[in-house]
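Before any comments, here is the structure.
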Amino acid sequence: MRTVPPVTLEHHIAGYQLCAATEGKSPNSIAIVTSSANYFHHFLTSQGIVAAMTEVTHHEIRAFILHLQHKRCFSDHRFNHAQDKGLSGHTINCYLRSLRIFFSWLVSEGIIDSTPFERVKIPPPPRKIIPTLSDHQIGQLFGAIDTRTTQGYRDYTMVLTLLDTGLRVSELCNLELGKLRLEEGMLKVLGKGNKERLIPIGKQVQRLLWRYIDRYRPEPATANGGFVFLTREGRSLTKDRVEKIMTYYGKKAGLAGIRCSPHTLRHTAAVTFIRNGGDVFSLQRMLGHSSLEMTRKYCELADIDVKKAHITASPVDNLDFAAMGLNSRFRFPRT
1 MRTVPPVTLE HHIAGYQLCA ATEGKSPNSI AIVTSSANYF HHFLTSQGIV AAMTEVTHHE
61 IRAFILHLQH KRCFSDHRFN HAQDKGLSGH TINCYLRSLR IFFSWLVSEG IIDSTPFERV
121 KIPPPPRKII PTLSDHQIGQ LFGAIDTRTT QGYRDYTMVL TLLDTGLRVS ELCNLELGKL
181 RLEEGMLKVL GKGNKERLIP IGKQVQRLLW RYIDRYRPEP ATANGGFVFL TREGRSLTKD
241 RVEKIMTYYG KKAGLAGIRC SPHTLRHTAA VTFIRNGGDV FSLQRMLGHS SLEMTRKYCE
301 LADIDVKKAH ITASPVDNLD FAAMGLNSRF RFPRT
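Residue 224 in the numbering used here sits at position 224 of the sequence shown; the count goes up by one each step and never skips.
See below:
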């Protein structure tokens, strides 16, 4: 009798890609989960483990965690040389959360009875406050953009749109003309999980968008070129292109000690919104967060804001020592 070899992890990775695509998962989400599962498969193979799904246990998962924690950056890369620093806590956490999604899918498909992650605690990512741009730095960034050129005007409009709305870079690139409601001061964007949401914009951004579209936006190079922001050739901007544009202006503006990126502008928008009196529930809808906890993390004030707040709200400085009759009894120690 011919024996049927066990179905390998590699086979199920292909199955996940197919199912996730038919369920409408975003290509980026599918790619992240697939990449993590493929790397786990590579790890098992390098350890001489070719296991069926039912044979993967929490032991293999924990061994994989140790491997990630001791892995050097680019150690498996064909061209880049390995660096002394290891993977960041955020990178490790992303690998493991994505792999957990993959194994949860295996359970939902009835391929395995339970996920090996049930007995594994994923190391949390380090919590750090992402620095935000100060008003002075925002002014420097604006000053680095030459709005006398059509490309500069486009970039200026993009930067202010990001700063006013907190859009993700993917949402900015995929913003469509047909989804603008400039008369109402609203944008309709397609966010994570293919969820649409309406985002309000201020009057200045309304005017900038109208003027860019009316006067400076190039003719689309393709029939489906209905995206708002286009290259000089009339093609849609990519996320990588926008990242490079932001990096260029950050260097030109002389911004030091902070990464100039769409994500930095998103975080700056969130903190500034709260600082100006906005509430966390409105911000959650604006940013497209599925949980309020995500928004709270985004809204942690920068260190300088905490210092400013403490200057006016210091518990001790606001005590009325005179009213308590303490000042007259205060004495310095004898030397």
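Using N, Cα and C, we set each Cβ at its ideal position, and we do this for glycine too.
Where Y212 and Q206 are concerned, what is the direct C-alpha to C-alpha distance, given to the nearest angstrom? Along the sequence shown, read from residue 1 onward, the residue named residue 212 stands at position 212. Along the sequence shown, read from residue 1 onward, the residue named residue 206 stands at position 206. Rounded to the nearest whole angstrom, the CA to CA distance from Y212 to Q206 is 10 Å.
Range of the contiguous alpha helix (DSSP H) that encloses K252: Residue numbering aside, residue 252 sits at position 252 when the sequence shown is read from its first letter. Run containing K252: K239 to A253, per the alpha helix (DSSP H) assignment.
Do K192 and G288 have their C-beta atoms within less than 8 Å of each other? To locate residue 192, count along the sequence shown from 1; it is residue 192. To locate residue 288, count along the sequence shown from 1; it is residue 288. Yes, the Cβ-Cβ distance between K192 and G288 is below 8 Å.
Alpha-carbon spacing of A21 relative to F40, whole angstroms: Position 21 of the sequence shown, counted from the start, is the residue given in the question as residue 21. Position 40 of the sequence shown, counted from the start, is the residue given in the question as residue 40. One C-alpha to the other measures close to 21 Å.
Can you give me the start and stop residues for the alpha helix (DSSP H) that K203 sits inside? Residue 203 sits at position 203 when you count from the first residue of the sequence shown. Note, K203: alpha helix (DSSP H), K203 to R211.
At a threshold of 7 Å, does V280 count as lining the ligand FAD (C-beta to nearest heavy atom)? Of the ligands one can find in the structure shown there are none, so the ligand FAD has no counterpart to examine.
Helix, strand or coil: how does DSSP classify G86 here? What you label residue 86 is simply residue 86 of the sequence shown in a count that begins at 1. Note: G86 maps to strand in three-state DSSP.
Using a Cβ-Cβ cutoff of less than 6 Å, which residues in the same chain neighbour K297 once the five nearest sequence positions on both sides are dropped? Counted from its first residue, the sequence shown places residue 297 at position 297. Cβ within range, chain order: n/a, list empty.
Check each candidate in T91, R266, L68 and L167 and name the one with the smallest Cα separation from R127. The residue you call residue 127 lines up with position 127 of the sequence shown. Out of T91, R266, L68 and L167, the CA that lies nearest to the CA of R127 is found in T91.
Give me the Cα-Cα distance between M246 and P262, rounded to the nearest whole angstrom. Indexing the sequence shown from 1 puts residue 246 at position 246. Indexing the sequence shown from 1 puts residue 262 at position 262. The alpha-carbon of M246 is positioned some 7 Å away from that of P262.
Top-ranked residue by Cα proximity to H136, from T268, S291 and E293: For this step, residue 136 is matched to residue 136 along the sequence shown. Nearest Cα to H136 within the set T268, S291 and E293: T268.
At the level of alpha carbons, what is the spacing between I32 and I138? Here residue 32 refers to the residue found at position 32 when the sequence shown is read from its first residue. Here residue 138 refers to the residue found at position 138 when the sequence shown is read from its first residue. Rounded to whole angstroms, I32 to I138 spans 33 Å at the Cα level.
My guess is that F102 and L175 are in contact by the Cβ rule of under 8 Å, so how many angstroms apart are they, rounded? Within the sequence shown, residue 102 is the residue found at index 102, counting from 1. Within the sequence shown, residue 175 is the residue found at index 175, counting from 1. In fact, because the Cβ distance is near 31 Å, the residues do not count as touching under 8 Å.
Ordered along the chain, which non-local residues of its own chain (more than five positions away) have a Cβ less than 6 Å from that of D146? Working through the sequence shown from its first residue, we reach residue 146 at position 146. The residues are G152.
Let me know the secondary structure DSSP gives S236 once reduced to three states. Here residue 236 is taken as the residue at index 236 of the sequence shown, counted from 1. The answer is strand: DSSP assigns S236 an E or B state.
Alpha carbon to alpha carbon, how far is T8 from L283? Give it in angstroms, no decimals. Taking the sequence shown and counting its residues from 1, one reaches residue 283 at position 283. Taking the sequence shown and counting its residues from 1, one reaches residue 8 at position 8. Approximately 44 Å between the Cα atoms of the pair.
Does DSSP classify N80 as helix, strand or coil? On the sequence shown, residue 80 is found 80 positions in, with the first residue counted as 1. Any reading at N80 needs caution, since the residue's pLDDT is 48, under 50, leaving its predicted position unreliable; the model's value is listed next. Of the three classes helix, strand and coil, the one that applies to N80 here is coil, per DSSP.
Taking the Cβ atom as the reference point for each residue, do G226 and D164 lie within a distance shorter than 8 Å? In the sequence shown, residue 226 corresponds to position 226, counting from 1. In the sequence shown, residue 164 corresponds to position 164, counting from 1. No, Cβ-Cβ distance for G226 and D164 is not below 8 Å.
Once DSSP output is grouped into helix, strand and coil, what is the label at V271? In the sequence shown, residue 271 corresponds to position 271, counting from 1. Reduced to three states, the DSSP call for V271 is helix.
In whole angstroms, give me the CA-to-CA distance for H42 and L66. The sequence position of residue 42 within the sequence shown is 42, counting from 1. The sequence position of residue 66 within the sequence shown is 66, counting from 1. For H42 and L66, the distance between alpha carbons rounds to 15 Å.
Could you check the C-alpha separation between F79 and L68 for me, to the nearest Å? Along the sequence shown, read from residue 1 onward, the residue named residue 79 stands at position 79. Along the sequence shown, read from residue 1 onward, the residue named residue 68 stands at position 68. Below a pLDDT of 50, predicted positions are generally treated as unreliable, and F79, at 44, falls in that range; the measurement from the model is reported next regardless. Cα to Cα, the separation comes out at about 20 Å.
Could you tell me which uninterrupted alpha helix (DSSP H) segments, each at least 4 residues in length, are contained entirely in the stretch 45-73, listed from first to last along the chain? Fully enclosed alpha helix (DSSP H) runs of 4 or longer: 58-70.
Would P116 be called buried (16 or more neighbouring beta carbons within 10 Å of its own) or exposed? Counting from one through the sequence shown, the residue named residue 116 turns up at place 116. Under this definition P116 is a buried residue.
Express the C-alpha separation of R275 and S26 in angstroms, rounding to a whole number. The sequence position of residue 26 within the sequence shown is 26, counting from 1. The sequence position of residue 275 within the sequence shown is 275, counting from 1. When rounded, the distance between both Cα atoms is 33 Å.
CB R100 to CB G86, shorter than 8 Å? Mapped onto the sequence shown, residue 100 falls at position 100. Mapped onto the sequence shown, residue 86 falls at position 86. Contact flag unset, no.
Under 8 Å between the Cβ atoms of H70 and V120? Reading the sequence shown from its first residue, position 70 is the one you call residue 70. Reading the sequence shown from its first residue, position 120 is the one you call residue 120. Result no, Cβ atoms of H70 and V120 do not sit closer than 8 Å.
Cut-off 6 Å between Cβ atoms - residues of its own chain near A253, not counting five sequence neighbours on either side: Start at 1 with the first residue of the sequence shown, and residue 253 comes out as number 253. Non-local C-beta neighbours of A253 in its own chain, meaning closer than 6 Å and more than five positions away in sequence, comprise Q140, L141 and A144, ordered along the chain.
Please report the residue range of the alpha helix (DSSP H) in which R154 lies. Numbered from 1 along the sequence shown, position 154 holds the residue referred to as residue 154. Its alpha helix (DSSP H) spans residues T150 to T165.
Find the nearest neighbour of N194 within the set G15, A14, N28 and R235, judged by alpha-carbon distance. For the purposes of this step, residue 194 is taken as the residue at position 194 of the sequence shown. Of G15, A14, N28 and R235, the residue nearest in Cα terms is N28.
Got a sec: is the Cβ-Cβ distance from I30 to anything in chain E below 8 Å? In the displayed structure, chain E is absent; only one protein chain is listed.
Assuming I138 is part of the alpha helix (DSSP H), what are its boundary residues? Looking up residue 138 in the sequence shown gives position 138. Note, I138: alpha helix (DSSP H), D135 to G143.
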